[in-house]
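As structure tokens, the structure follows; a few thoughts come after it.
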Amino acid sequence: RIGIVGLPNIGKSSFFNLVSSKKVPAENYPFCTIKPSQAQVEVPCDSFTDLCNTMNQRKRNTGSDISAPVTHIGATLTVYDIAGLVRGAHKGDGLGNEFLSNIQSVGAIYHMVRAFD
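Residues in the sequence shown are numbered from 5 upward in steps of one, following our numbering.
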């Protein structure tokens, strides 16, 4: 479980839509996201696919008792689009305590920042 966090209107929801192929609102006003959006995202792994294919091929060619996978179920990651962090959240300002409880519920944080050229 990973949460996308950062300041308001920085592109967290747009990034969430990109990685999840969902269409959550990504508007240009503070607190467009109040409740976190959630998505299961597949984690592509070419080596896993190659390993499954190799084991299946070896079993077919040799008739060996190798335990080849019947299905290929790859890893997934649960991604959360969490509301923007505002000054004073630790005191309860903005979404305050709700924001902090959303952060506490994830195992990793993806901190999105805006960079200017």
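No residue lacks a Cβ here, since even glycine has one placed at the ideal position from N, Cα and C.
Keep in mind it's a predicted model, so treat the numbers as computed, not measured.
- Around the beta carbon of K16, 16 or more other beta carbons sit within 10 angstroms, so the residue counts as buried.
- By a beta-carbon distance limit of 8 Å, V117 does not contact R5. Their separation comes to about 21 Å.
- When beta bridges are read from the DSSP output, D85 appears opposite I8, S41.
- In the three-state DSSP reduction, T58 falls in the helix class (H, G or I).
- When C-alpha distances from L104 are compared across Y114, A112, L89, H115, the shortest belongs to L89.
- Here I8 is buried. Its C-beta has 16 or more other C-beta atoms within 10 Å.
- Beta-bridge partners of H115 (DSSP): V9.
- In this structure, Y84 places its C-beta atom within 8 Å of the C-beta atom of P40.
- With a contact defined as Cβ atoms closer than 8 Å, A87 and C49 miss out at about 31 Å.
- In the three-state reduction of the DSSP assignment, T75 falls in the coil class.
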